[in-house]
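Okay, so here's the structure we're looking at.
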Amino acid sequence: MASYFDEHDCEPLDPEQEARTNMLLELARWVRTAGRSALGRESLFNRMDFEDLGLVVDWDHHLPPPAAKAVVESLPRTAIRGSQADLKCPVCLLEFEEEETAIEMPCHHLFHSNCILPWLSKTNSCPLCRHELPTDDDTYEEHRRDKARKEQQKHRLENLHGAMYT
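What the sequence shown shows, in this note's numbering, is residues 36 to 201, in sequence order.
Here's what the structure looks like:
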């Protein structure tokens with residue numbers, strides 16, 4: 036009799052992959068039975084290591100998620116006027132044609148729609164100045180809020196320290 040792996044033309048998982056798969060299955064079971072038992076949820080979360088699952092993202096070392104679709108759709112479209120005709124799209128480096136419609140980012144950089152829309156479907160920032168647009172990713176938005184709070188706290192501490200000696 037052939038082994039399971041021979042019958043299905045596959046290889047067994049290595050122990051690390053098997054542990055990760057088991058944790059994901061356990062998470063799927065929890066999601067399916069969510070609400071049945073608060074005690075069950077607590078014990079599951081105590082046993083699971085979300086970093087091992089790859090569910091915790093270190094956003095400082097990963098590309099941010101795409102910009103929110105609603106935000107991208109609401110970006111203003113600007114008609115290029117005579118004084119702006121010598122401007123170039125920073126992505127393709129082609130000059131804008133007069134009366135051509137360009138998309139204006141909140142940072143006031145102008146782009147061809149064919150250039151900026153694919154970019155914003157991959158990441159949420161301006162290709163020139165890295166000004167970030169909101170995303171639909173709640174974990175990334177929480178990361179941004181935490182980062183802003185830390186920067187604000189650092190700024191306050193620096194100003195407080197400087198104020199002590201003036």
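All C-beta atoms, glycine included, are put in the ideal place defined by N, C-alpha and C.
These numbers were taken from a predicted model, which means no experiment stands behind them.
Span of the alpha helix (DSSP H) holding residue i?
| i | result |
| --- | --- |
| E108 | K104 to E108 |
| C150 | S148 to L155 |
Quick one: what's got a C-beta closer than 8 Å to residue i's C-beta in the same chain, skipping five residues either side?
| i | result |
| --- | --- |
| T136 | R112, T113, A114, I115 and S148 |
| L128 | none |
| L163 | P125, C142 and H144 |
| K157 | L98 and P101 |
| L155 | P101, A102, V107 and L168 |
How many Å lie between residue i and residue j at the Cα?
| i | j | result |
| --- | --- | --- |
| D49 | C161 | 42 Å |
| P100 | T170 | 7 Å |
| V106 | E61 | 36 Å |
| E134 | P125 | 18 Å |
| H178 | K185 | 11 Å |
| R76 | L152 | At R76, the pLDDT of 48 sits below 50, so the modelled position is not reliable; the number obtained from the coordinates is stated separately. The alpha-carbon atoms of R76 and L152 are separated by roughly 41 Å. |
| D181 | G117 | 44 Å |
| R165 | R191 | 24 Å |
| E51 | K189 | 40 Å |
| A54 | N159 | 34 Å |
| D121 | D172 | 37 Å |
| E167 | M58 | 34 Å |
| H187 | L195 | Sequence check: residue 187 is Gln here, not His. Roughly 12 Å separates the two Cα atoms. |
Please list, in chain order, all residues of the same chain as residue i whose beta carbon is under 6 Å from its beta carbon, the five residues on each side excluded.
| i | result |
| --- | --- |
| E130 | K123 |
What first and last residue would you give for the beta strand (DSSP E) that runs through residue i?
| i | result |
| --- | --- |
| I138 | T136 to E139 |
| R165 | Premise fails: R165 is in no beta strand (DSSP E) and is neither H nor E. |
| A114 | R112 to A114 |
May I ask you to report which of helix, strand or coil DSSP gives residue i?
| i | result |
| --- | --- |
| R179 | helix |
| L145 | strand |
| G75 | Confidence at G75 is low in this model, with a pLDDT of 47, below 50, so the placement of that residue should be treated as unreliable; the coordinate-derived value is given next. G75 falls in the helix class under three-state DSSP. |
| E42 | helix |
| E5 | This structure does not reach residue 5, given that the chain is present from 36 up to 201, and the question cannot be answered. |
Do we get a CB-CB distance below 9 Å when we pair residue i with the residues of chain B?
| i | result |
| --- | --- |
| P101 | In the displayed structure, chain B is absent; only one protein chain is listed. |
Sorted by chain position, which residues of the same chain lie with C-beta nearer than 7 Å to residue i's C-beta, five sequence neighbours on each side aside?
| i | result |
| --- | --- |
| L110 | I138, E139 and M140 |
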